[in-house]
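Numbering (the working numbering), first residue to last: 24 to 546.
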């Protein structure tokens, strides 16, 4: 191909690029188009929702027309035949209630008495939507057991009666400043309030199953107590454990990235008298735990949902199913926990849920090793983050509001700290460069056939000059734990999440070096 042909192709390519740029819609036109598309999408969704509601109403009306008292009695009898004394509790309509404080908005359902969804009020997703840790009918939440009549009971299929009137309960409390958010000691200094709500199935007087939820002001912890009253004559006498199943799809909260949320989402669990273990972050995984467990955490990059035993869980099974190329969900997490049952007249299982951020200081206050959910790097660098980086970071945060400046000052502090190692490395390298002519002379003098003599002469020269061949490497090696610790700290620090500085939109993640707002045509 000659020069004229190459020049012609380049000119055609340039014309196409210029034409594309000149004819692309203006920013105002693009915004208007996006607005029209959004309105159209919302209207379409509303139309579909309205159609579904109308269809559901029509079906309900049809059922009301068809179902007569005799049919209702037959349905109830079928349920009693299937579930025994719990049969009547399996008939009802699902209703939702809210239970909230200044940090959490929890949606509860009378079907299963379960936590249906949890919203963190102080946080948003990467696209500025309310941040929910889990939500919707895909959530499984059930106490399972067998009766003396060999019937299997799953409370997720039963309808509980709430203990309160209205659609929700709000926990009151005094105003909380930003530095005290989530601090349990805040309630000691400024006595707030706590509220309890319960959902109950009463089979007959003196025989009931009750879920009690308790929430304090300015707290991410939810107390969860399961009470069995007089059920020892109903539950199978040979049953030593009840099963509590909890499962949900983990929604994406951050921008899709294999080096971000995808990398740090998994199940972690703490043994009662042991270390922290975890399932694989990269693939679907499961594990049967036969040793006593203190808590099981469903962890994401910046948030977690954790169930905590009042004392310990005797055993459990945990499983994670990783979703590939799913724009909405990362994984499905599930756990099946054994609750010890002794067959007493009245029994109670005390548990807690933590729904909140992976904030080191907040998690550490509970003295349950929950702060281990915050990834601080490999074992060799974790102490550097724990005892140096985080304390200095928190100290600077008390006086400076700009996180970009905090990072800059923290970097300068670390560089100053490792400067003696850096200086020694530079001095050693300078001495080695100064000795290079003499080393070259030794090399030419002895040649390749006298390697032993050459090495002895070289070492004698190093000793005379006071230089160590490792003098430049070891000081540099000592710096690595500090630098690697910062490398792991910044991407997992929730304080930096969605914080901007200069051109960086989010200090906790990577920014695109170059981005295009138009298409480049290729021939």
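Note that the Cβ used here is the ideal one computed from N, Cα and C, for glycine as well.
| query | result |
| --- | --- |
| To the nearest whole angstrom, what separates the beta carbons of residue 236 and residue 377, a pair I think is in contact under 8 Å? | So it is not a contact: roughly 14 Å between Cβ atoms. |
| Could you check what DSSP says for residue 220 in three-state terms: helix, strand or coil? | strand |
| Between the stretch 167-182 and the stretch 197-208, are three or more C-beta pairs nearer than 8 Å? | no |
| Can you grab the Cα-Cα spacing for the pair residue 212 / residue 379, in whole Å? | 22 Å |
| With a cut-off of 8 Å, do at least 3 Cβ pairs link the stretch 290-298 to the stretch 309-323? | yes |
| When DSSP labels each residue in this structure, what does residue 126 get in the three-state scheme? | coil |
| What are the start and end residues of the beta strand (DSSP E) that includes residue 236? | 230-239 |
| Anyone know if the C-beta pair for residue 354 and residue 288 falls short of 8 Å? | yes |
| Am I right that residue 416 and residue 502 are in contact with their C-beta atoms under 8 Å? What's the rounded C-beta distance? | Incorrect: roughly 19 Å between the Cβ atoms, too far for contact. |
| Looking only at C-alpha atoms, which of 216, 155, 254 and 429 sits nearest to residue 275? | 155 |
| So, for residue 192: in the same chain, excluding its five sequence neighbours on each side, which residues have a beta-carbon less than 6 Å away from its beta-carbon? | 122, 218 and 220 |
| What's the call for residue 175, buried or exposed, on a 16-neighbour Cβ count within 10 Å? | exposed |
| Can you tell me which of the three DSSP states residue 402 falls into? | coil |
| Mind pulling the alpha helix (DSSP H) runs of 4 or more residues that sit fully within the stretch 280-357? | 284-287 |
| Tell me whether residue 246 sits in a helix, a strand or coil according to DSSP, three-state version. | strand |
| Quick one: what does DSSP say residue 467 is sitting in, helix, strand or coil? | helix |
| At which residue ranges does the stretch 143-224 contain complete alpha helix (DSSP H) runs of 4 or more residues, listed in the order of the chain? | 209-212 |
| Go ahead and pull the three-state DSSP assignment for residue 89. | Residue placement at residue 89 cannot be trusted, given a pLDDT of 48 that sits under 50; what the coordinates show is reported in the next sentence. It is helical. |
| In the DSSP assignment, what are the bridge partners of residue 273? | 354 |
| Which residue marks the beginning of the alpha helix (DSSP H) containing residue 427, and which one marks its end? | 426-440 |
| Apply the 10 Å Cβ neighbour rule to residue 160 and answer buried if 16 or more other Cβ atoms are within range, or exposed otherwise. | exposed |
| Would you mind giving the Cβ-Cβ distance between residue 165 and residue 135, rounded to the nearest angstrom? I have them listed as a contact below 8 Å. | 6 Å |
| For the stretch 360-368 and the stretch 256-269, state whether three or more C-beta atom pairs, one from each stretch, are separated by less than 8 Å. | yes |
| Please report the straight-line C-alpha distance between residue 393 and residue 387, rounded to a whole angstrom. | 6 Å |
| Exposed or buried, which one is residue 400 when buried takes at least 16 other CB atoms within 10 Å? | buried |
| Can you tell me whether residue 152 is buried or exposed? The criterion is at least 16 other CB atoms within 10 Å of its CB, across all chains shown. | exposed |
| Please go through the same chain and pick out, in chain order, the residues whose beta-carbon is closer than 7 Å to the beta-carbon of residue 356, but skip the five residues on each side of it. | 270, 271, 273, 290, 321 and 343 |
| Could you have a look at residue 532 and say whether DSSP puts it in helix, strand or coil? | coil |
| Since residue 394 sits in a beta bridge, which residues does DSSP pair it with? | According to DSSP, residue 394 bridges with nothing at all. |
| Considering residue 372, what are the terminal residues of the beta strand (DSSP E) in which it resides? | 369-380 |
| Going by C-alpha distance, which of 126, 108, 194 and 305 is nearest residue 232? | 108 |
| Do you know how far the Cα of residue 332 is from the Cα of residue 141? | 20 Å |
| Below 7 Å CB to CB, which residues in the same chain sit around residue 147 once its five sequence neighbours on both sides are set aside? | 153 and 154 |
| Which one or two residues does DSSP pair with residue 109 in a beta bridge? | Bridge partners of residue 109: none, in fact. |
| So, is residue 428 buried or exposed, given that buried needs 16 or more other C-beta atoms within 10 angstroms? | exposed |
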